[in-house]
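J.: Protein chains in written order, with this note's numbering: chain A, 64 to 371; chain B, 64 to 371.
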DNA sequence: TAAAAATACTCCATAGGTATTTTAT
DNA sequence: ATAAAATACCTATGGAGTATTTTTA
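1) Please determine if the segment 234-253 of chain A and the segment 140-160 of chain A are in contact, where contact requires at least 3 C-beta pairs separated by less than 8 Å.
2) To be precise: take each residue of the segment 139-161 of chain A, compare its Cβ to all Cβ atoms of chain B, and keep it if any distance is under 8 Å. Which residues remain?
3) Applying a beta-carbon distance threshold of less than 8 Å, which residues of chain A neighbour residue 293/B?
4) By Cβ distance, which residues of its chain are closer than 8 Å to residue 170/B, with the 5 residues on each side in sequence left out?
5) Using a beta-carbon distance below 7 Å, is residue 98/B in contact with chain A?
6) By how many angstroms is the C-alpha of residue 140/B removed from the C-alpha of residue 218/B?
7) Looking at the structure shown, is residue 281/A part of a helix, part of a strand, or coil, going by DSSP?
8) Ignore the nearest five residues each way along the sequence and tell me which others in residue 108/B's own chain have a CB closer than 7 Å to its CB.
9) Would you decide whether residue 69/A is buried or exposed? Buried here means 16 or more other CB atoms lie within 10 Å of its CB.
10) Per the contact definition of three or more C-beta pairs closer than 8 Å, is the segment 83-102 of chain A in contact with the segment 128-139 of chain A?
11) Between residue 328/B and residue 304/B, what straight-line distance do the alpha-carbon atoms span, to the nearest angstrom?
12) Looking at chain B, is there any beta carbon in it that lies within less than 7 Å of the beta carbon of residue 131/A?
13) So, for residue 64/A: in the same chain, excluding its five sequence neighbours on each side, which residues have a beta-carbon less than 8 Å away from its beta-carbon?
14) Quick check: the Cα distance between residue 79/B and residue 79/A, rounded to an integer number of angstroms?
15) Residue 206/B touches chain A at which residues, Cβ-Cβ below 8 Å?
16) Could you tell me the alpha carbon to alpha carbon distance between residue 230/A and residue 263/A, rounded to whole angstroms?
17) Decide if residue 234/A is buried, meaning its Cβ has at least 16 other Cβ atoms within 10 Å, or exposed.
18) Would you decide whether residue 215/A is buried or exposed? Buried here means 16 or more other CB atoms lie within 10 Å of its CB.
19) Indicate whether at least one CB of chain A lies closer than 7 Å to the CB of residue 127/B.
20) Once the 5 residues before and after residue 104/A are set aside, which same chain residues still bring their CB inside 8 Å of it?
21) So residue 66/B contacts chain A; which residues on that side make the cut at Cβ distance below 8 Å?
22) Please return the same chain residues whose Cβ sits closer than 6 Å to the Cβ of residue 302/A, not counting the five positions on each side in sequence.
23) Is residue 336/B buried or exposed, if buried means 16 or more other CB atoms sit within 10 Å of its CB?
24) Can you tell me which residues form a DSSP beta bridge with residue 231/B?
25) Using the C-alpha atoms, what's the distance from residue 163/A back to residue 353/A?
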């Protein structure tokens with residue numbers, strides 16, 4: 064019978080498409096990995112790898128086996144986690160993935176409280192876009208994600224935490240009155256600046272504006288901070304999530320306007336594998352996030368120009 | 064990291080509750096299995112087994128880990144199957160489970176045809192009740208089941224093959240006219256003989272008769288053959304599935320009556336793990352069964368007294 | 001005292017390492 | 001010619017066996 068070790072090597076080989084680099088990831092020599100792959104092929108009586116060309120590529124069967132191997136390795140991680148069993152929640156290592164439009168705003172508030180309440184929690188943080196995070200979650204490289212819901216994959220369980228409303232950030236000299244409620248037409252009448260492709264926030268903003276052809280912005284920005292600089296410089300307007308206000312609106316050249324109902328917003332929440340053995344940790348983490356952010360309010364009225 | 068071997072040993076230990084017998088099942092010595100279990104406990108840093116009393120019993124954590132281990136072992140089997148990949152369907156070993164009220168009637172017709180068409184198919188047959196078969200299917204000990212649908216577990220995929228109608232078998236001297244259509248009142252007016260608890264056919268017959276308190280039969284029989292003997296002897300009546308007619312009704316002291324619409328029946332079909340790598344085999348098997356049974360008809364009119 | 005599991009110890013298969021060859025571009 | 005994977009060969013670890021001890025009911 065084949066071994067989990069062989070599956071780990073195959074998984075690495077499938078992801079790298081290269082014996083040497085796969086071996087490096089597994090911290091073994093290239094011949095060691097080669098041997099195990101070859102042994103696995105003997106066990107399964109099937110050719111898994113095309114070694115013909117310079118580029119190592121899996122066969123049809125190899126890809127299917129690798130897919131199942133990845134699932135088993137994920138299950139193995141969950142099994143190991145489940146053995147921690149009775150351990151109180153939020154102790155030991157926990158791998159958390161966060162999207163870039165949440166991380167810089169949520170973490171500074173939540174992390175200190177988290178470490179205060181759960182001193183032996185060893186949090187490992189990864190910031191990346193939803194797509195990447197979901198892959199890593201599936202692989203078992205991450206235990207839980209903090210991102211915008213809903214997901215279109217049914218394989219994960221989710222826990223909505225709070226609604227994060229979007230506000231319209233405009234240059235201070237914009238003719239819109241300070242206390243006005245903005246609407247989609249106000250956005251359409253201005254140059255809309257958004258994050259580059261791949262950020263879910265971009266899609267959510269576009270969905271609200273119904274501006275499908277929103278490549279009108281030339282290049283997409285790579286961070287909200289950059290976008291706010293552009294807004295402050297009068298280059299255009301943007302939809303800013305509420306959580307980012309405190310951190311990003313400290314420039315007198317920007318004013319914020321609430322939208323008319325129904326206000327655009329995103330649902331922020333957690334996601335984890337349905338098979339995860341750390342659901343209790345996820346629930347506890349969700350609790351801390353909600354409580355911490357609630358305690359951080361009330362923030363100054365968002366409809367007023369930033370002034371400090 | 065732990066190994067698949069350790070999971071196999073734990074799985075056996077969980078099922079036997081006894082190191083010695085678990086070791087025997089795994090074809091290793093008791094110390095070898097003991098060692099691996101102990102090594103697994105070290106790996107997981109958790110106590111999995113209560114060794115206090117004479118009876119070996121898993122801890123809470125141990126049971127959870129064993130449950131996940133069983134899932135992984137099942138996935139491992141499916142992975143190995145999937146590597147057979149391009150192999151044409153219905154070749155190699157296939158483990159088929161069948162319920163007792165189908166096996167003696169379906170197999171004699173289907174097996175010869177199956178071996179004729181797929182000469183290198185190595186079919187392993189297990190006859191047992193639905194509950195047992197589902198457990199073995201889950202474990203991966205079986206690849207596919209032939210039984211009555213629907214299942215109440217959503218974890219398996221199913222393929223309905225045909226409807227198997229029930230007929231009322233009564234002693235030849237019963238006053239009911241030979242061509243009559245029977246109804247539930249006819250059944251209620253007679254002593255109903257059924258299989259013992261655990262046979263799905265019993266439940267299906269009772270569901271039709273709406274006779275919840277049907278322990279009126281004293282002891283349940285263990286086979287349809289026995290029941291038909293009892294009917295022939297004038298001891299009572301029974302609901303006989305159509306597939307069993309040819310084999311079980313060869314006694315002149317029995318006559319069969321169709322039921323009035325809606326006739327009671329059961330849906331016969333196949334079931335397999337959603338993760339199975341042998342779905343093509345299942346589909347092919349289903350095709351052979353349907354075609355073979357269809358070819359076996361037309362049978363003599365069921366409403367006539369058996370006479371041969 | 002008897003049954004069951006753990007320990008002691010020996011052996012060998014196997015995973016892994018380094019050095020080298022083969023292969024394909 | 002070069003990069004990548006396979007092969008050769010050696011070492012060490014770990015899994016398995018048998019014999020024995022410990023434990024507990």
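A virtual CB, placed ideally from N, CA and C, is assigned to each residue, including glycine.
Since this is a predicted model, take the numbers as computed values, not measurements.
T.: Reading from the atomic positions:
1) No, they do not touch.
2) Only those residues of the segment 139-161 of chain A whose C-beta falls short of 8 Å from the nearest C-beta of chain B are listed: 139, 141, 142, 143, 145, 146, 147, 148, 149.
3) To locate residue 293/B, count along the second chain from 1; it is residue 230. Here the premise fails: no neighbours, minimum Cβ distance about 49 Å.
4) Position 107 of the second chain holds residue 170/B. Contacts found: 161, 188.
5) For the purposes of this step, residue 98/B is identified with residue 35 of the second chain, where counting begins at 1. Answer no: the Cβ-Cβ gap between residue 98/B and chain A never drops below 7 Å.
6) In the second chain, residue 218/B corresponds to position 155, counting from 1. In the second chain, residue 140/B corresponds to position 77, counting from 1. Approximately 17 Å between the Cα atoms of the pair.
7) To locate residue 281/A, count along the first chain from 1; it is residue 218. The predicted position of residue 281/A is uncertain, since its pLDDT is 49 and thus under 50; a value taken from the coordinates is nonetheless stated next. The answer is coil: DSSP assigns residue 281/A none of H, G, I, E or B.
8) As a position in the second chain, residue 108/B is number 45, starting the count at 1. Apart from sequence neighbours up to five positions away, no residue of its chain approaches residue 108/B with a beta-carbon distance below 7 Å.
9) As a first step, residue 69/A must be located in the first chain, where it is residue number 6. Around the beta carbon of residue 69/A, 16 or more other beta carbons sit within 10 angstroms, so the residue counts as buried.
10) Flag = no, the segment 128-139 of chain A and the segment 83-102 of chain A do not touch.
11) In the second chain, counting from the first residue as 1, residue 328/B sits at position 265. In the second chain, counting from the first residue as 1, residue 304/B sits at position 241. Going by the C-alpha atoms only, they are around 8 Å apart.
12) Within the first chain, the letter at position 68 stands for residue 131/A. Residue 131/A counts as touching chain B.
13) Looking up residue 64/A in the first chain gives position 1. Only 106 meet the Cβ criterion.
14) The residue you call residue 79/B lines up with position 16 of the second chain. The residue you call residue 79/A lines up with position 16 of the first chain. One C-alpha to the other measures close to 42 Å.
15) Counting from 1 along the second chain, the entry for residue 206/B is found at position 143. Neighbours of residue 206/B in chain A, taken as residues at a C-beta separation under 8 Å, are lacking, since the least C-beta distance is about 16 Å.
16) As a first step, residue 230/A must be located in the first chain, where it is residue number 167. As a first step, residue 263/A must be located in the first chain, where it is residue number 200. Answer to the nearest angstrom: the Cα atoms are 16 Å apart.
17) In the first chain, counting from the first residue as 1, residue 234/A sits at position 171. With 16 or more neighbouring CB atoms inside 10 Å of its own CB, residue 234/A falls in the buried class.
18) For the purposes of this step, residue 215/A is taken as residue 152 along the first chain, with counting starting at 1. Classification for residue 215/A: exposed.
19) Taking the first residue of the second chain as 1, we reach residue 127/B at position 64. Judged by the 7 Å Cβ criterion, residue 127/B is in contact with chain A.
20) Sequence index remark: in the first chain, residue 104/A carries index 41 (1-based). Closer than 8 Å at the Cβ level, and outside the excluded window around residue 104/A, lie 110, 111, 112.
21) Within the second chain, residue 66/B is the residue found at index 3, counting from 1. Here the neighbours are 66, 67, 68.
22) Reading the first chain from its first residue, position 239 is the one you call residue 302/A. Only 229, 268 meet the Cβ criterion.
23) On the second chain, position 273 is the one that residue 336/B refers to. Looking at its Cβ environment, which holds 16 or more other Cβ atoms inside 10 Å, residue 336/B is buried.
24) Residue numbering aside, residue 231/B sits at position 168 when the second chain is read from its first letter. Paired residue(s): 302/B, 320/B.
25) Position 290 of the first chain, counted from the start, is the residue given in the question as residue 353/A. Position 100 of the first chain, counted from the start, is the residue given in the question as residue 163/A. Cα-Cα distance, rounded: 19 Å.
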